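Below is one structure, written out as C-alpha cells, with a few remarks after it.
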Amino acid sequence: MTIYFDVAVADIFATMPRRYRPEGAQGLQTTLGYDIRGEGRWKLTLAGDRMEIESTGDLSGCAAILCADGETFAGLTLGRIDPNEAMRAGKLQLEGDGEAFAATYRIFQKYSPPIPAIQPSQELLVLKKTISVHQRFATGPVFGKFLMGLKNRKILAIKCPSCGRLQSPPREACAICRVRNSEWVEIGPKGEMRMLEYCYYASPDPLTGETRETPYGAIGILLDGCRDEEVFWHLLRPDQLDKARRGIVLGDKVIHGSRLRPVWNETRTGSIDDILFFEIDEA
86 MTIYFDVAVA DIFATMPRRY RPEGAQGLQT TLGYDIRGEG RWKLTLAGDR MEIESTGDLS
146 GCAAILCADG ETFAGLTLGR IDPNEAMRAG KLQLEGDGEA FAATYRIFQK YSPPIPAIQP
206 SQELLVLKKT ISVHQRFATG PVFGKFLMGL KNRKILAIKC PSCGRLQSPP REACAICRVR
266 NSEWVEIGPK GEMRMLEYCY YASPDPLTGE TRETPYGAIG ILLDGCRDEE VFWHLLRPDQ
326 LDKARRGIVL GDKVIHGSRL RPVWNETRTG SIDDILFFEI DEA
C-alpha cells in the first residue's frame with residue numbers, strides 16, 4: 086500500500102460509507118467510476134438513502150474520473166491539489182456527467198486522515214548523583230604550579246622573555262611571540278576592575294549539575310604588577326554587581342575602576358575554586 090500525503094487511496098474509498106450524508110443525495114440516482122492508475126478501480130452507486138462502493142475492474146456505462154496516479158487523487162481529496170491545475174497538467178480527466186461528480190462534495194463529509202495512535206509516554210525518572218570517575222588527569226607542570234599557588238593564597242603569572250607579557254593563568258608559550266615561557270612572577274592578589282559582563286546563562290556545573298544564580302558578573306581584573314591587557318578573569322561578588330565600577334582608558338586619560346580583593350575558600354585544594362570571587366576592597 087502506497088501512502089500519499091500521509092493517506093492511502095484505498096482508505097479514502099473505505100471511509101465513504103461512514104462519510105455519506107443521505108440528506109444531500111435526495112433525488113440523486115447515478116453510478117460513478119474512479120480509475121486511479123497504479124491503485125485500482127472503484128464503482129460508486131448512489132440512490133437516495135442507499136450508497137454502495139465496490140472495487141471492480143469494469144467501469145463501462147458510468148461517468149468516470151481518470152487520475153494519472155494515486156498522489157493526484159489523494160491531493161484532490163485533501164484539497165492540496167487544484168482540479169483545474171491537474172486537468173491542465175493532463176493528470177485528471179472526466180468522462181461522462183461531470184455534474185454528478187460535483188454533487189459528491191455535498192453528499193460526503195470531507196475526508197480526514199486517520200490520527201495515528203499516540204503511544205503512552207514513559208515516565209521520566211531522575212536520579213541526581215555526583216559522577217565519580219576513577220581517573221586522574223594531569224594538568225601539566227605549568228598549570229599545576231599555578232593551582233598549587235592558589236592553594237597557598239598566591240596568584241602566579243608567567244612572563245614572556247621576549248615581550249615581557251604576564252600571563253595568568255599561565256601558559257607554556259607566549260601566544261604572540263611563540264616562545265617558551267619560564268620566568269614566574271607573583272601578582273596581585275588585589276587589583277582594579279577593568280571589565281564587567283552581566284551573565285544570564287545559568288552555567289551548570291558539569292560534575293554536580295547544579296546551576297549558578299543569574300545574573301552573575303564575569304570580570305576582568307588588572308592585578309597589581311600587571312599592565313595593559315593583562316587582565317585576570319574571575320567572578321564578582323553577586324551582591325556588588327551594581328556597586329563595582331569599571332575602569333576605562335580613553336587615550337592618555339585613565340578612569341580607574343573599583344579596587345578588588347580575592348575572597349579565598351577556607352578549604353583550598355589547589356583548584357580553580359580556591360578563589361570564590363572578588364569583592365570591593367573597602368580598605
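Position in the sequence shown counted from 1, then plus 85, gives you my numbering.
All C-beta atoms, glycine included, are put in the ideal place defined by N, C-alpha and C.
None of these values were measured; they are calculated from a predicted model.
Chain-order list of residues whose beta-carbon lies under 7 Å from that of residue 257 (same chain, five-residue window excluded): Residue 257 sits at position 172 when you count from the first residue of the sequence shown. Only 227, 265, 266 meet the Cβ criterion.
Residue 115, DSSP secondary structure in three states: What you label residue 115 is simply residue 30 of the sequence shown in a count that begins at 1. Three-state DSSP puts residue 115 in a strand.
Reference residue 234, options 323, 349, 211, 296, closest by Cα: Locating residue 234 in the sequence shown gives position 149, counting from the first residue. With distances taken between CA atoms, residue 234 lies nearest to 349 out of 323, 349, 211, 296.
Identity of the residue in 133, 100, 327, 126 nearest residue 115 by Cα: Against the sequence shown, residue 115 aligns to sequence position 30. The residue among 133, 100, 327, 126 with its C-alpha nearest the C-alpha of residue 115 is 133.
Buried versus exposed, by CB contacts within 10 Å (16 or more), residue 268: Here residue 268 is taken as the residue at index 183 of the sequence shown, counted from 1. Exposed, since its Cβ has fewer than 16 Cβ neighbours within 10 Å.
Cut-off 7 Å between Cβ atoms - residues of its own chain near residue 110, not counting five sequence neighbours on either side: Within the sequence shown, the letter at position 25 stands for residue 110. 131, 133, 192.
Residue(s) in a DSSP beta bridge with residue 120: As a working mapping, residue 120 is identified with position 35 in the sequence shown. Paired residues: 126, 151.
Helix, strand or coil at residue 209 [DSSP, three-state]: For this step, residue 209 is matched to residue 124 along the sequence shown. DSSP, read as helix, strand or coil, puts residue 209 in coil.
Separation of residue 359 from residue 331, as counted between CA atoms: The residue given as residue 331 occupies position 246 in the sequence shown. The residue given as residue 359 occupies position 274 in the sequence shown. Between the C-alpha atoms of residue 331 and residue 359 there is a straight-line separation of about 24 Å.
Helix, strand or coil at residue 163 according to DSSP, with G and I counted as helix: Within the sequence shown, numbered from 1, the residue matching residue 163 stands at position 78. Judged by DSSP in its simplified three-state form, residue 163 adopts helix.
Cβ pair residue 283, residue 300 closer than 8 Å: For the purposes of this step, residue 283 is taken as the residue at position 198 of the sequence shown. For the purposes of this step, residue 300 is taken as the residue at position 215 of the sequence shown. Contact: yes.
Nearest to residue 319 (by Cα), restricted to the options 145, 221, 159, 274: For this step, residue 319 is matched to residue 234 along the sequence shown. Per the C-alpha coordinates, the member of 145, 221, 159, 274 positioned closest to residue 319 is 274.
3-residue-minimum beta strand (DSSP E) runs that sit fully inside the segment 161 to 196, ordered along the chain: Every beta strand (DSSP E) stretch that sits fully inside the segment 161 to 196 and reaches 3 residues is listed by chain position as 177 to 180.
Continuous alpha helix (DSSP H) stretch holding residue 234: start and end: Residue numbering aside, residue 234 sits at position 149 when the sequence shown is read from its first letter. Segment 226 to 236, the alpha helix (DSSP H) holding residue 234.
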